[in-house]
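Residue numbers (the working numbering): 2 to 76.
Positions of the beta carbon are idealized from the N, C-alpha and C atoms, including for glycine.
Okay, structure first, notes after.
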Amino acid sequence: MMVILGVETMLIDSATVYAAADSSAVEFIDPGVTPAQTTKVWTPTERFPWVMLAVGAVVILYAITLPKRWGRSGD
C-alpha cells in the first residue's frame, strides 16, 4: 500500500480531501453547490513519495523473508 501511495504522490501536485461529516447528498448531486467549506487541499512534500516507496520496499522485503526466519521455506 505504501508503494502505491508513493507512486501516486509522484504523479500528483495536490489532492483535495472532502470532509464526510459536513457534506450532504445535495452537495454531491448538485454541481452548482460549491463545497468550499468542506474541502482541504493537501500538497505532498518533495520527499514524501520517496519515503513511502522506501518504507514500502522494506515492508515487502521483510514479508518475503519472513517464512525463512520461521524455518519454513516457500520451496
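How would you write the range of the beta strand (DSSP E) that residue i sits in, first residue to last?
i, result
"TRP43", "40-43"
For residue i, write down the residues that DSSP places opposite it in a beta bridge.
i, result
"ALA16", "TRP43"
Can you tell me where the alpha helix (DSSP H) with residue i in it begins and where it stops?
i, result
"ARG70", "49-70"
For residue i, does the three-state DSSP call read helix, strand or coil?
i, result
"MET2", "coil"
"GLY7", "helix"
>> For the structure I just gave you, are there three or more beta carbon pairs, one from the region 61-73 and one from the region 9-20, closer than 8 Å?
In response: no
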